Structure formats: structure tokens, C-alpha cells
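Under the working numbering, the first residue of the sequence shown carries the number 44, and numbering increases by one thereafter. Every residue gets a Cβ at the ideal spot worked out from N, C-alpha and C, and that includes glycine. From a predicted model like this one, the values you see are computed outputs, not experimental measurements. The structure appears below as C-alpha cells.
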Amino acid sequence: MVDITTLGNGIPVLLEPIPLYQSASVGFFVDTGSRHERPEQSGLSHFIEHMLFKGTTTRSSADIARAFDLIGGQFNAYTAKEMTCFYAKTLNYHVLQALDLLGDMLRNPLLDPRDIATEQGVVLEEMGMVEDSPDDLVVERLIQGVWGPVGLGGPILGRPETVSAFDRAAICAYLAEGYTAGTLVLSVAGSFEREAVLERLEQLFGDLPPASRRPAPVPPVYTPAVVLAQKEIEQNHLCFCFEGYGVGDSRGRALSVLSNILGDGMSSRLFQRLREQEGLVYTVYSFLSGHSGCGLLGIYSAQQPGKEEPAAFAVLEELRRLKREGVEEEELLRAKEMLKTSLVMSFESSHARMSFNAREYLRYGRVREVSELLEELDGVDQALLRQVTAEVLDGQKLSLSVVGRLRDEGFYHALKV
44 MVDITTLGNG
54 IPVLLEPIPL
64 YQSASVGFFV
74 DTGSRHERPE
84 QSGLSHFIEH
94 MLFKGTTTRS
104 SADIARAFDL
114 IGGQFNAYTA
124 KEMTCFYAKT
134 LNYHVLQALD
144 LLGDMLRNPL
154 LDPRDIATEQ
164 GVVLEEMGMV
174 EDSPDDLVVE
184 RLIQGVWGPV
194 GLGGPILGRP
204 ETVSAFDRAA
214 ICAYLAEGYT
224 AGTLVLSVAG
234 SFEREAVLER
244 LEQLFGDLPP
254 ASRRPAPVPP
264 VYTPAVVLAQ
274 KEIEQNHLCF
284 CFEGYGVGDS
294 RGRALSVLSN
304 ILGDGMSSRL
314 FQRLREQEGL
324 VYTVYSFLSG
334 HSGCGLLGIY
344 SAQQPGKEEP
354 AAFAVLEELR
364 RLKREGVEEE
374 ELLRAKEMLK
384 TSLVMSFESS
394 HARMSFNARE
404 YLRYGRVREV
414 SELLEELDGV
424 DQALLRQVTA
434 EVLDGQKLSL
444 SVVGRLRDEG
454 FYHALKV
């Protein structure tokens, strides 16, 4: 059971005690991500995540690393479209030290101009890694194509010209705007002493002035797109997508069932057709990308040049068959059971539960019980699945991204469901 409380200034604190554990995970979540950036700020959320590891007014970056190693702690951070997270996992008797270290990073970053210049070079190299990872690049280009180049559609890492222009003033202004009592959510799960944790969090964050929560962002307009990128690589990478649903939409659970049937696991339709029957691919899968007010259903495959055409035809034939014939009851039950198993097993670590609780609160203002999520899956029936299939697999909203050695670009523009 998650205990939801607040600090004196209104910052939410989510506490889930798990007494049988000997460890605990702590996470400081910020309701700030690449979706909240203006064009000239593209990549700033991610850049700040990097900079908070570069030292504080009392600790160097090496001091931070040594301090975490001294308590045997695992620590890291990530930036997403709609949030940034700083987290650590330690044995239960080191929880307060982990809170101190993460709190120092968030509250007292040094932001030395020399470190900023160094980290700009690091992030530019990170961008190069994405350019050399076509499986990532094909999805990123597609998202930019359907949602536009800024905000939710913009790259989390930013662009070379924006990242190269960041300075200390821009970083400080963004921190003042985006790292407030109104954007923070503090989450702890595992074995810990409740009152000691609350007291330490109050010491670390209680002096922040109260602030209101962020309003829900305006969803971007989904615009069907075909995005093609020539690249001299061994395989051609394809990614189809359709407009899906935002997080919290009542149809979202049915869409997860549809995605599972299409391309999640060895029994899925696309795996069986493209890999097992026709030998066109090694990798094919479907995925969901859900955000506040909007979402996508995607289908990815990688194949040698010359095989992308039969692979694309096979994907589209399976989509048409699904729309025309629906699914067998056994297929529906199997997908629901796979999703329920995955859901329950994902909660078997303190880190997973800490993260889930914070994401739930950021999205819904509450934390749903696992039983509620399982009931939602049980509620997906044939009628709802047919409705969602018809709504999402809309030929007018088909989009496609391809990265590789393309020969006939007109072929991709002519594809239809």
C-alpha cells in the first residue's frame, strides 16, 4: 500500500514500505522533459540531467561517485519526453545518505562554465551514437514527422546548434522554471524508516516556495508522414505507426492487448508471419508510446535491402486481416495473460515500484493498485478490441519511417492499409 503524503510546501512524497526487503530505492522525479522545451531550449532538460552529476557547491563529480560507491549504492538518471528522474538504490541502512547525495545534486549544482563546455562535447557524441543506431533513429525521425520538430516531437537530446549554445544563464533560468515545488515528486520504496525519511526530505526540500502543479500540455496534432533517410548500412529499418491514445484513456488497455497480439512475443502475428513463415527478418515487434493527451502504436522491423518491400507488404496484410477478421478468443486470452504476467512480474523490485508510483502520480494524481490494472485487462473483450482496432488501424493515419539503402522511394509513399 502506497502512503501518499506531502512536505510542508506541498511537494508530494510517495512511500511504499516493503519490510521483507533489505534494500530501498529512492527517486526524485521532475515534471519537466523535452516536451516542455521551447525551440531554442531543445535538449536542455537532458543537458541539465548531465550537469547535475558534474558537482555541487560542496562535492566534485568524483566526490559524488565515491560517496555513492562508499555506501554501495547504484545511482543514475534519465530524461524522458515528459519527466526527468534521478534515482538510487541502496541497502536499507544507507537510505538517508542516498537522499542527501541526490538532494545535494538537485539543490546545489555547481554549473561551472568549464564543465558546461565539456558536457556539450559529451552530448554531441551521444547524438552521434543515435545517428549510428538506426533502430533508434528510425523511431525518432518518425515521431518528429508525425508530431513536429519541437515539443513532444523534438529529440530528447536536442540539436547540435541548440546544445552548443547553452550557457550557465540559460541553465539557471530553466532550473528556476522547471525544478520547483510544483514539479517535484519524491518516491521511496523498500525497507526504510518512514519518519526519518520524511524528516530528511523536509530538510532537503522544505525551503522551496509552494508552487502549483504544471497544467496538462496541449496535445500536438498528429499529421501522417513518410520519412525516408538514406544511410549506407547493412539492414533497412522500417517503422510504421498509427495515432494511438494518451495515458489514462479508457481504451488504452485494449490497445495494449492489440499491440501484444500484433508483435509482442514469439506467438505474435508479425513474428510468426515475417520471421517464422517467410524468413524476412530477425527482429520485428510492435510498441506503444503513450503521453499526456496523445499516443502512438508503432511496428518496427529490420531486414536486408530488397526484403523491405515483401516485409512491408506482409505487415500491411496482417493489419488488414486483423481489421477484417478480428481475433480468436484463445488469442485474446493469451495476450491478456501475457500482459498480466508481465505487469505483476515488473513489480518484483523496489526500483520498479518506486518508479511506477511516481509515474502514476505524475500522470493521474494518484497511484492505482495492481488489482485495478489487472481488472482493466480482464475488461477487454472482443467488442472493445474491435472498436479499438477500427479506430487505430485507420489507413488515413498510417505513417512510415525508413532508414537504410533505399532504392524506390515512391514505393514507400504508395503503401496503404
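Item checked: Cβ-based neighbour list, Y404, same chain, cut-off 7 Å, excluding 5 preceding and 5 following -> P55, L57, V228 and V410
Check: Does the distance from the C-beta atom of G306 to that of S329 stay below 8 Å?
Finding: yes
Item checked: Cβ separation of G196 and P263, assumed to be a contact under 8 Å, to the nearest whole Å -> 6 Å
Note to self: I need the boundaries of the alpha helix (DSSP H) containing D46, first residue and last residue.
What the structure shows: Not the alpha helix (DSSP H): D46 falls in the beta strand (DSSP E), residues D46 to T49.
Notebook entry, point to check: If you draw a straight line from the alpha carbon of E83 to that of R257, how long is it in whole angstroms?
Noted result: 21 Å
Item checked: Where the beta strand (DSSP E) containing L271 begins and where it ends -> V269 to Q273
Notebook entry, point to check: What is the DSSP secondary structure of T384, counted as helix, strand or coil?
Noted result: helix
Item checked: Proximity below 8 Å, CB of H280 to CB of D178 -> yes
Next item on the list: Indicate whether G336 and P260 have their beta-carbon atoms separated by less than 8 Å.
Entry: yes
Next item on the list: Give every residue of the same chain whose Cβ lies closer than 7 Å to the Cβ of A160, excluding the five residues on either side of it in the sequence, and list them in chain order.
Entry: none
Next item on the list: Verify whether the separation of the beta carbon atoms of K366 and A433 is less than 8 Å.
Entry: yes
Check: Cα-Cα, which of Q187, S176 and N151 is closest to N219?
Finding: Residue 219 is actually Ala in this sequence, not Asn. Answer by Cα proximity: N151.
Margin query: According to DSSP, simplified to helix, strand and coil, what is T432?
Written below: helix
Next item on the list: Compute the distance between the beta-carbons of A232 and R377, then report whether it is under 8 Å.
Entry: no
Checklist line | Three-state secondary structure assigned by DSSP to G459 | finding: It should be pointed out that residue 459 corresponds to Lys in this sequence rather than to Gly. Coil, per DSSP.
Next item on the list: Could you round the C-beta distance between V189 and C284 to whole angstroms and report it? I think they count as a contact, below 8 Å.
Entry: 7 Å
Check: From this set, E352, Q439, S398 and S103, which residue's C-alpha is nearest F454's C-alpha?
Finding: E352
Checklist line | the segment 93–105 contacting the segment 153–168, beta-carbon criterion three pairs below 8 Å | finding: yes
Notebook entry, point to check: What residues are listed by DSSP as bridge partners for T266?
Noted result: Its beta-bridge partners do not exist; DSSP assigns none.
Item checked: Three-pair Cβ contact test at 8 Å for the segment 206–217 versus the segment 98–110 -> no
Next item on the list: With N303 as the anchor, note down where its alpha helix (DSSP H) starts and where it stops.
Entry: G295 to G306
Note to self: Tell me which residue opens and which closes the beta strand (DSSP E) that V327 is part of.
What the structure shows: T326 to H334
Notebook entry, point to check: Alpha carbon to alpha carbon, what distance is there between S414 and V387?
Noted result: 10 Å
Next item on the list: Would you kindly work out how many angstroms separate the C-alpha atoms of T198 and D210, rounded to a whole number?
Entry: Note on residue identity: the sequence assigns Pro, not Thr, to residue 198. About 19 Å.
Check: Tell me the DSSP bridge mates of E59?
Finding: A232
Check: At what residues does the beta strand (DSSP E) containing I342 begin and finish?
Finding: C337 to Q346
Notebook entry, point to check: Buried or exposed: which applies to H456, given that a residue is buried once 16 or more other Cβ atoms fall within 10 Å of its Cβ?
Noted result: exposed
Checklist line | Stretch pair the segment 202–209 + the segment 65–85: three plus CB contacts closer than 8 Å | finding: yes
Check: Roughly how many angstroms separate the alpha carbons of P348 and Q273, rounded to a whole number?
Finding: 12 Å
Next item on the list: Would you mind sorting L113 into buried or exposed? The rule is 16 or more other CB atoms within 10 Å of its CB.
Entry: exposed
Next item on the list: Quick one: which unbroken alpha helix (DSSP H) runs of 4-plus residues sit fully inside the segment 71–114? Chain order, please.
Entry: 87–94 and 104–113
Note to self: Quick check on the DSSP output: what are the complete alpha helix (DSSP H) runs of length 4 or more inside the segment 175–257, in order along the chain?
What the structure shows: 177–190, 203–206, 211–221 and 237–248
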